[in-house]
Amino acid sequence: MSGTSPQAIAPGLSRRLAAFVRNSQWNDVPEPVCEHALRALFNGFGTALGGSSDQAILRLAASLAPFSAGTAATVVGHGAKRDAPTAAFLNAASMNVFDFDDT
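Each residue of the sequence shown is one higher than the one before, starting from 2 at the first, in our numbering.
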């Protein structure tokens with residue numbers, strides 16, 4: 002076992018991954034990866050849309066509305082715009098409310 006901690010290794014790995022992404026072209030991504038990414042995107046949007054009308058999400062959205070600092074980001078299924086952190090939180094909560102986000 003080496004004496005290097007995972008925390009010491011992580012920044013180097015993050016830089017390598019970021020460099021790979023920055024230097025990649027869309028054509029460099031294998032077709033199966035593109036298909037899986039598209040399926041995951043639709044799955045995420047579908048679970049967010051499905052969960053957006055749940056009572057817990059509606060209450061959460063109403064509770065957070067007075068604290069939103071802007072209208073830059075969309076809340077899926079609500080026709081409302083909020084600041085980016087609030088919209089991200091509400092969208093993530095909508096994706097998870099029925100626990101279908103990993104299907």
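All C-beta atoms, glycine included, are put in the ideal place defined by N, C-alpha and C.
Note that this is a predicted model, so its numbers are computed, not measured.
Please list, in chain order, all residues of the same chain as residue i whose beta carbon is under 8 Å from its beta carbon, the five residues on each side excluded.
| i | result |
| --- | --- |
| D84 | S69, A70, G71, T72, A73 and A74 |
Hey, would you say residue i sits closer than 8 Å to residue j, going by beta carbons?
| i | j | result |
| --- | --- | --- |
| S54 | G80 | no |
Between residue i and the rest of its own chain, which residues show a CB-CB distance below 6 Å, the 5 nearest in sequence each way excluded?
| i | result |
| --- | --- |
| F101 | T48 |
| L91 | A62 and V76 |
Can you say whether residue i is buried or exposed, counting buried as having 16 or more other CB atoms within 10 angstroms of its CB?
| i | result |
| --- | --- |
| L59 | exposed |
| G13 | exposed |
| A88 | buried |
Roughly how far, in whole angstroms, is the beta-carbon of residue i from the beta-carbon of residue j, given that I think they are within contact range, below 8 Å?
| i | j | result |
| --- | --- | --- |
| V98 | A41 | Going by Cβ atoms, the distance from V98 to A41 rounds to 18 Å, so no, they are not a contact pair. |
Among the residues of its own chain, which have a CB less than 7 Å from the CB of residue i, if the five just before and after it don't count?
| i | result |
| --- | --- |
| L50 | V77 and G78 |
Runs of alpha helix (DSSP H) lying entirely within the segment 76-101, each at least 4 residues, in chain order: 85-97, all fully within the segment 76-101.
Please list the segments of the alpha helix (DSSP H) lying wholly inside the segment 29-65, counting only runs of 4 or more residues, in order along the chain. Entirely contained in the segment 29-65, the alpha helix (DSSP H) runs reaching 4 residues are, in chain order, 32-52 and 56-65.
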